[in-house]
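Scroll down for the structure; my scribbles are underneath it.
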Amino acid sequence: MKNYSKLSTGIKLALCAASLGAYSGLSHAAEEGVEEVERIQVTGSRIRSAEAMSASPIQVLDGASIDKSGTLNLQDLLMENPTFGTPAISRTNSNFSTSSGGVATVDLRNLGTARTLVLVNGRRYVSGVPGSSAVDLNTIPAQFVERVEIMTGGASSVYGSDAVAGVVNFVLKDDFEGIEFEG
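Heads up: the sequence shown is residues 238 to 420, going by the numbering used here.
If you want it as structure tokens, here you go:
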């Protein structure tokens, strides 16, 4: 055990107090000289988007594009995107299975519906086909979808082997009020 003299302890305390005082003076000076900028947005074809800055690029289909498409089924909307392959189970093809008649599934990169993870508000969704992990998109109403986020690469490191092909996340509207009719 070391015995420190009163002089060395006093010098150490004085140096600590002086450094704290200088540091607080610098922080006040830095706060006074900085102007806050809300957001600067630069547009251009070679500028990277916010979605491309993540570890894996994310495609986003917003509510306006969903409404403009006029599709009642989310599978029809997603099939227009080239990242989606032809699913083995669709509304018109049950793949000779009686339990999957009329089911609408999603298949990223033609790797199979079991390798595409479907989330609703960031949580795993219940399977629509018995004995499979294929999610029936008919159970997700297109009118309630605010946006669809699609991540096609590197998802299995985060979500596990269910997301080898990628992840499709349906974000639902939080503030839906009233009645909506379509015809």
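Glycine is no exception: its CB is placed at the ideal position from the N, C-alpha and C atoms. As the structure is a computational prediction, the values presented were derived from the model and not from experiment.
In the three-state reduction of the DSSP assignment, T376 falls in the helix class. Per the coordinates, the alpha-carbon of L298 lies some 58 Å from the alpha-carbon of L252. Excluding five sequence positions before and after A351, the CB atoms of its chain that fall closer than 8 Å to its own CB belong to S369, S370, A371, D399, given in chain order. Bounds of the beta strand (DSSP E) holding L409 are 403 to 409.
Taken atom to atom, the span from the alpha-carbon of T323 to that of E272 is near 52 Å. Just measuring C-alpha positions, the residue of R361, G415, D344 sitting nearest E317 is D344.
Residue E386 holds the alpha-carbon nearest to the alpha-carbon of Q296 among Y396, S393, E386, D411. Distance from T342 to D373 at the Cβ level is roughly 7 Å; contact confirmed, criterion being Cβ atoms closer than 8 Å.
Per DSSP, reduced to three states, the secondary structure at L250 is helical. For M316, DSSP records no beta bridge to any residue.
Rounded to the nearest whole angstrom, the CA to CA distance from K249 to S242 is 11 Å.
Annotation: the continuous alpha helix (DSSP H) that includes V395 extends over 393 to 396.
Contact between A379 and L311 holds, with the beta-carbon distance rounding to 5 Å and staying under 8 Å.
Selection E417, T320, I377, S394 evaluated against L409 yields I377 as nearest (Cα-Cα). In this structure, the CA atom of P367 is about 50 Å from the CA atom of E275. Here the alpha carbon of T308 sits roughly 31 Å from the alpha carbon of V395. At a Cβ-Cβ threshold of 8 Å, G300 and E417 do not count as neighbours. C-alpha of L354 to C-alpha of V405: approximately 6 Å in a straight line. Judged by DSSP in its simplified three-state form, L345 adopts strand.
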